[in-house]
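J.: As they're listed, the protein sequences go chains Y and L.
Residue numbering for the first sequence follows the numbering used here, starting at 7 and increasing by one per position.
Residue numbering for the second sequence follows the numbering used here, starting at -12 and increasing by one per position.
Where is the CB? At the ideal position from N, CA and C, for every residue including glycine.
Predicted model only: the values in this text are computed from it and were never measured.
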Amino acid sequence: MSITTLLSISLGAILTNNFIFSQFLGICPFLGVSKKLDTAVGMGAAVTFVMGLASAFTWAVNKFLLVPMELEYMQTVAFILVIAALVQFVEMFLKKSIPALYTALGVYLPLITTNCAVLGVALLNIQNNYGFIESVVYGITGGLGFLLAIVLFAAVRESIQFAENPKCFDGFPIALVTAGLMALAFMGFSGLKVW
Amino acid sequence: MNFKRQLKEGLITQNPVLVQLLGMCSTMAITTSIMNGLGMGVSVLIILTLSNIFIALLRKIIPNEVRIACFIVVIAGFVTCVDLLLQAFVPAIAASLGVFIPLIVVNCIILARAESFASKNTVAASAVDGICQGIGYTIVLLIMCAFRELFGNGTLAGIQILPESYTPALLLVLPVGGFLCLGVLIAVMQWALAKSAAKKEGK
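Structure follows, in structure tokens:
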């Protein structure tokens, strides 16, 4: 493993294989929490943090518990429990030490448990046979990709409110069409090849 | 218990994808071919029904404070079963659905039905609810799949339908197509619901 592999993992996770626009992971919070720019930033940061932590913990659980005991088929169950526990701890930690951020995130914090990007990154790490450092890098950069997508999207969405569109497109449909156009723009990165 | 009403809710008025806006990720990600959609739809249908039955059975035992965690464990168990069964009997579909089969665990449809329906209703009603909502989800998947596969690839369930001279609109099978199709589909649904509501008011 070298710096170049890590760099190409990061570039892939943030731009070319963005979790939202090309892998369709984490769409629910992406559409649900993108009405205002500042909550979108908070959500993106929290997801990045949890994805990094979850990658590290699930990798360890898989390597030191599931594989030695030949329980690989329990991966899904084990991972979702690890993630749920992790989110609970993050919630308690934030409540104690950074209460401002805790109140800002509000109900979205427990919802990270059911964010498919988090479970998705844990499963993809195993599928791609990533080592510990690669997993953590993939988790964090995947989260950064999510942050980038949700911040851009929230900014666009704030101004879309003033646009006139057919009445039946109000709300979700117009948001989805916008996201589609952004996905088209992100496709432009697919030609990006660094090494 | 009212089977007809629940079926109508699952299919139209409370359709999980188009009206409740749940389970978007899988809806957009895997609807590139009919076989994918059918595999995913049936898997979710089975898991949703089983988890609804099981949670309705346990609804008096599960303590309120840890109910979400309990639901997730129940759902994850069924998802693992279905995952292993798919890998054993239809490996081709399992391979093309890939990571989205284990991700059914965090599909909001299942958790939402567990929380809002199965934990408050009888076993029979919850089973019917699971079947109806599952059918509603599957039908949306199939509509999306049929459209995207037919126009994006010129085929239907792998069989060439449109003439060779047709240039496939590749855009539709790419992620972009998923967003656009679902957006338009939800818009059509909102239009239809608004129209039928206006009709009722006029009467």
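Just to confirm before moving on: does the CB-CB distance between T154(L) and V29(L) stay below 9 Å?
T.: For the purposes of this step, residue 154(L) is taken as the residue at position 167 of the second sequence. For the purposes of this step, residue 29(L) is taken as the residue at position 42 of the second sequence. No, the Cβ-Cβ distance between T154(L) and V29(L) is not below 9 Å.
J.: If contacts are defined as beta-carbon pairs under 8 Å, then A60(Y) and G126(Y) qualify, I think. What distance do you get, rounded to the angstrom?
T.: In the first sequence, counting from the first residue as 1, residue 60(Y) sits at position 54. In the first sequence, counting from the first residue as 1, residue 126(Y) sits at position 120. That belief does not hold up - the Cβ atoms of A60(Y) and G126(Y) are roughly 10 Å apart, past 8 Å.
J.: Using Cβ-Cβ distances below 9 Å, what residues of the region 44 to 76 of chain L are close to chain Y?
T.: Those would be I55, A56, I59, V60, I62, A63, G64, V66, T67, D70 and L71, in chain order.
J.: So, are the CB atoms of V93(Y) and T119(Y) less than 9 Å apart?
T.: Within the first sequence, residue 93(Y) is the residue found at index 87, counting from 1. Within the first sequence, residue 119(Y) is the residue found at index 113, counting from 1. Result yes, Cβ atoms of V93(Y) and T119(Y) sit closer than 9 Å.
J.: When you compare each of I173(L), I80(L) and Q1(L) to T19(L) by their alpha carbons, which one comes out closest?
T.: Along the second sequence, read from residue 1 onward, the residue named residue 19(L) stands at position 32. Among I173(L), I80(L) and Q1(L), the Cα nearest to that of T19(L) belongs to I80(L).
J.: Quick check: is the beta carbon of A90(Y) nearer than 9 Å to any beta carbon in chain L?
T.: Translated into the one-based positions of the first sequence, residue 90(Y) becomes position 84. So yes, A90(Y) belongs to the interface.
J.: Can you give me the C-alpha to C-alpha distance between F70(Y) and F138(Y), rounded to a whole angstrom?
T.: Position 64 of the first sequence, counted from the start, is the residue given in the question as residue 70(Y). Position 132 of the first sequence, counted from the start, is the residue given in the question as residue 138(Y). So the two alpha carbons sit approximately 12 Å from each other.
J.: Does any C-beta atom of chain Y lie closer than 9 Å to the C-beta of L32(L)?
T.: As a first step, residue 32(L) is located in the second sequence; it is residue number 45 there, counting from the start. Closer than 9 Å: no.
J.: For N134(Y), count neighbouring Cβ atoms within 10 angstroms of its own Cβ and tell me buried if that reaches 16, exposed if not.
T.: By one-based count along the first sequence, residue 134(Y) stands at place 128. It counts as exposed.
J.: L190(Y) by DSSP, collapsed to three states: which one?
T.: One-based indexing of the first sequence puts residue 190(Y) at position 184. The answer is helix: DSSP assigns L190(Y) an H, G or I state.
J.: Note down, in chain order, every chain Y residue with its Cβ under 8 Å from the Cβ of I173(L).
T.: Position 186 of the second sequence holds residue 173(L). Those within 8 Å of I173(L) in chain Y are F178, P179 and L182.
J.: Spell out the partners DSSP gives T142(L) in its beta bridges.
T.: One-based indexing of the second sequence puts residue 142(L) at position 155. In the DSSP output, where bridge partners are listed per residue, T142(L) has Q147(L).
J.: Chain L partners of I33(Y), CB-CB under 8 Å?
T.: Walking along the first sequence from the start, residue 33(Y) turns up at place 27. Within 8 Å Cβ-Cβ: M11, C12 and M15.
J.: Report the three-state DSSP secondary structure of T18(L) (helix, strand or coil).
T.: For this step, residue 18(L) is matched to residue 31 along the second sequence. Here T18(L) sits in coil by DSSP.
J.: Chain L partners of F25(Y), CB-CB under 7 Å?
T.: Stepping through the first sequence from its first residue, residue 25(Y) is reached at position 19. Correct list: empty, because the minimum Cβ distance to chain L is about 10 Å.
J.: Does L31(Y) pass the burial test, meaning 16 or more other C-beta atoms within 10 Å, or should it be called exposed?
T.: As a first step, residue 31(Y) must be located in the first sequence, where it is residue number 25. So L31(Y) ends up on the buried side.
J.: Could you compute how far the alpha carbon of G141(L) sits from the alpha carbon of E52(L)?
T.: Residue mapping note: residue 141(L) aligns to position 154 of the second sequence, counting from 1. Residue mapping note: residue 52(L) aligns to position 65 of the second sequence, counting from 1. Distance between the alpha carbons of G141(L) and E52(L): 51 Å.
J.: Kindly list the residues whose CB is nearer than 6 Å to the CB of A160(Y), restricted to its own chain and excluding five residues on each side of it in sequence; keep chain order.
T.: In the first sequence, residue 160(Y) corresponds to position 154, counting from 1. Correct list, in chain order: S40, L43 and A46.
J.: Which stretch, first to last residue, makes up the alpha helix (DSSP H) that contains D70(L)?
T.: To locate residue 70(L), count along the second sequence from 1; it is residue 83. Taken as a continuous stretch (DSSP letters only), the alpha helix (DSSP H) holding D70(L) covers R54 to F76.
J.: Please classify G66(Y): is it buried, with 16 or more other beta-carbons within 10 angstroms of its beta-carbon, or exposed?
T.: Position 60 of the first sequence, counted from the start, is the residue given in the question as residue 66(Y). Gly is not the amino acid found at residue 66(Y); the sequence shown has Ala there. It counts as exposed.
J.: Within 9 Å of any Cβ in chain L, is that where the Cβ of Q133(Y) sits?
T.: Here residue 133(Y) is taken as the residue at index 127 of the first sequence, counted from 1. Yes, Q133(Y) lies at the interface with chain L (some Cβ there is under 9 Å from its Cβ).
J.: Could you spell out the range, first to last residue, of the alpha helix (DSSP H) harbouring R100(L)?
T.: Mapped onto the second sequence, residue 100(L) falls at position 113. Looking at the DSSP string, the run of the alpha helix (DSSP H) that includes R100(L) is C95 to R100.
J.: Using Cβ-Cβ distances below 9 Å, what residues of the region 154 to 167 of chain L are close to chain Y?
T.: Within the region 154 to 167 of chain L, the residues whose Cβ lies closer than 9 Å to some Cβ of chain Y are L158, L161, P162, V163, G164, G165, F166 and L167, listed in chain order.
J.: Going by the beta-carbon positions, is the gap between G250(Y) and M57(Y) smaller than 9 Å?
T.: In the structure as shown, chain Y starts at 7 and stops at 201, and residue 250(Y) therefore has no counterpart that could be examined.
J.: Quick check: the region 146 to 165 of chain L against the region 165 to 177 of chain Y, are at least 3 beta-carbon pairs closer than 8 Å?
T.: no
J.: Does any residue of chain Y bring its CB to less than 9 Å from the CB of N94(L)?
T.: Along the second sequence, one-based indexing puts residue 94(L) at 107. With 9 Å as the cut-off, N94(L) counts as an interface residue toward chain Y.
J.: Could you check what DSSP says for K101(Y) in three-state terms: helix, strand or coil?
T.: Working through the first sequence from its first residue, we reach residue 101(Y) at position 95. In this structure, K101(Y) counts as helix in the three-state DSSP scheme.
J.: Since V124(Y) is in the alpha helix (DSSP H), which residue starts that stretch and which ends it?
T.: For this step, residue 124(Y) is matched to residue 118 along the first sequence. For V124(Y), the enclosing alpha helix (DSSP H) has its first and last residue at C122 to Q133.
J.: Give a yes or no on contact between the region 179 to 191 of chain Y and the region 164 to 174 of chain L, applying the rule of three or more CB pairs nearer than 8 Å.
T.: yes
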